[in-house]
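Below: one structure, written as structure tokens.
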Amino acid sequence: MTQSTAQSIEDLTQTALGELALLDNSDALEQWRVRYLGRRGGLTSILRGLSQLDIDQRREVGALGNRAKSTLEEELEKRSQEVSQARLAQVADLERIDVTLPGRPVATGRLHPTTQVVREITDAFVAMGFSIVEGPEVEWDHYNFEMLNIPQGHPARDMWNTLWVDYVNEEGQRPMLLRTHTSPMQARVMESMQPPVRLVVPGKVYRYEATDATHEWHFHQVEGLAVDEGITFADLKGTLYEFARQIFGARRQVRFRCDYFPFVEPGVDMSIDCFSCEGTDSSCRICRGSGWIEILGAGMVHPYVLRAVGYDSEKYTGFAFGLGPERIAMLKYGIDDIRHFYSNDLRFLRQF
Ligand code: FA5
Numbered sequence: 050m051t052q053s054t055a056q057s058i059e060d061l062t063q064t065a066l067g068e069l070a071l072l073d074n075s076d077a078l079e080q081w082r083v084r085y086l087g088r089r090g091g092l093t094s095i096l097r098g099l100s101q102l103d104i105d106q107r108r109e110v111g112a113l114g115n116r117a118k119s120t121l122e123e124e125l126e127k128r129s130q131e132v133s134q135a136r137l138a139q140v141a142d143l144e145r146i147d148v149t150l151p152g153r154p155v156a157t158g159r160l161h162p163t164t165q166v167v168r169e170i171t172d173a174f175v176a177m178g179f180s181i182v183e184g185p186e187v188e189w190d191h192y193n194f195e196m197l198n199i200p201q202g203h204p205a206r207d208m209w210n211t212l213w214v215d216y217v218n219e220e221g222q223r224p225m226l227l228r229t230h231t232s233p234m235q236a237r238v239m240e241s242m243q244p245p246v247r248l249v250v251p252g253k254v255y256r257y258e259a260t261d262a263t264h265e266w267h268f269h270q271v272e273g274l275a276v277d278e279g280i281t282f283a284d285l286k287g288t289l290y291e292f293a294r295q296i297f298g299a300r301r302q303v304r305f306r307c308d309y310f311p312f313v314e315p316g317v318d319m320s321i322d323c324f325s326c327e328g329t330d331s332s333c334r335i336c337r338g339s340g341w342i343e344i345l346g347a348g349m350v351h352p353y354v355l356r357a358v359g360y361d362s363e364k365y366t367g368f369a370f371g372l373g374p375e376r377i378a379m380l381k382y383g384i385d386d387i388r389h390f391y392s393n394d395l396r397f398l399r400q401f
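Numbers 50 to 401, taken from the numbering used here, label the letters of the sequence shown in order.
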């Protein structure tokens, strides 16, 4: 009996130590402790059986059991320390910063292509001595039409399909609208200052229009206005020619043709010679073979407009122009549909 109990203690100790060496976390260590040293554990059960031995045997095997218990407890303590140190080293490893690793790229925002082109356009005019002002997008009929020589019922109102604001005044009229062009700022600016005036007005405009590849219902315009004594049509031509060279390149030619806008006289539209085919390709995608691309409307400020803001139309003359940045960006970058600008497709926007 003594012999077999001693052997059992020896076997159990060897098995336990063998298992202990393989454990690598605190949960497993606790399970091991319960399995061998707990109240119902292997060693405890063996020692409990000692009561059946006689006193000498009990002493002998008891001493053996106690040594085994101490050994297991000491080895458990040692292994626990090893496991917790290994764990600490692992955490330190995870937290260590490797300064040689490349950084994570930061996603940067960028300016919308329209904003970029508007800035390019206004920069060209600022370099020629123009200042920049901005005005309201919700506008009165008074500024959008009446002050620009377009009274109620004038057929020219049909040139701008208008989005009216749903506000009715005491006379039963709807006098408020989303501005259809940036031209109302001509009147607002001249009302607030005396000549000389040299301004560009970038901003958003709205029209009640069906959209297609070249028409949006909301888009941008850049208005220009110069008023002083002795300003002539030659100044208008020189300024817009320089602008075209800045935006489309030094070799550009310009062409003016008569056009009608009630607030200028004479009124013109300006085209540049096609920078893509230079008039040599009858199937050119940009000029459609004509060799010319229309880019803006312009003219000499109508004396009616000067008088309406209180200027002396005998003393002062001026020129004005209005252009569409989206259309200019389309020409410059070969964009085939204006609706790309506001469809918020990042694949389009990231190209600029
Ligand atoms: C005007 O709006 C006049 N106020 C321009 C002007 C100013 C003439 C000062 C004389 C003196 P128009 O409707 O043609 O004119 O528009 C001017 C420019 O806006 C056009 O050349 C075009 O580039 C752009 N544009 C017009 N309609 C649209 C549209 N639906 N979508 C995108 N761009 C447009």
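The beta carbon of each residue, even a glycine, is placed where N, CA and C say it ideally should be.
Would you check whether the ligand FA5 has a heavy atom nearer than 8 Å to the C-beta of residue i?
| i | result |
| --- | --- |
| I392 | According to the sequence displayed, residue 392 carries Ser and not Ile. Incorrect: S392 has no Cβ contact closer than 8 Å to the ligand FA5. |
| I377 | yes |
| F312 | yes |
| V265 | Residue identity differs from the one stated: residue 265 is Glu in this sequence, not Val. Yes, since a heavy atom of the ligand FA5 falls inside the 8 Å radius drawn around the Cβ of E265. |
| D272 | For the record, residue 272 in the displayed sequence is Glu; it is not Asp. Yes, since a heavy atom of the ligand FA5 falls inside the 8 Å radius drawn around the Cβ of E272. |
| H230 | yes |
| A369 | yes |
| M208 | yes |
| L372 | yes |
| E291 | no |
| E195 | no |
With DSSP run on the structure shown, which of helix, strand or coil describes residue i?
| i | result |
| --- | --- |
| E59 | helix |
| I344 | strand |
| W81 | helix |
| G287 | helix |
| L66 | helix |
| L274 | strand |
| G98 | helix |
| D105 | helix |
| G111 | helix |
Can you say whether residue i is buried or exposed, counting buried as having 16 or more other CB atoms within 10 angstroms of its CB?
| i | result |
| --- | --- |
| R228 | buried |
| H203 | exposed |
| Y382 | exposed |
| D190 | buried |
| E363 | exposed |
| P200 | exposed |
| Q235 | buried |
| I104 | exposed |
Decide if the segment 116-123 is in contact with the segment 83-99; the criterion is three or more beta carbon pairs, one per stretch, under 8 Å apart.
-> yes
Would you say the segment 173-182 touches the segment 218-233, given that touching needs at least three Cβ pairs under 8 Å?
-> At 8 Å Cβ cutoff, the stretches do not touch.
Below 8 Å, can you find three or more Cβ-Cβ pairs linking the segment 323-337 to the segment 207-222?
-> no
Which whole runs of the beta strand (DSSP E) in the segment 313-365 are 3 residues long or more, in chain order?
-> 313-322 and 341-350
Counting only runs that start and end within the segment 188-251, where is the alpha helix (DSSP H) found for 4 or more residues in a row?
-> 190-193 and 233-241
Does the count of Cβ pairs from the segment 251-263 and the segment 275-285 closer than 8 Å reach three?
-> no
Three or more beta-carbon pairs under 8 Å between the segment 350-362 and the segment 372-379, yes or no?
-> no
Taking one C-beta from the segment 265-277 and one from the segment 293-302 each time, how about it: are there three or more such pairs within less than 8 Å?
-> no
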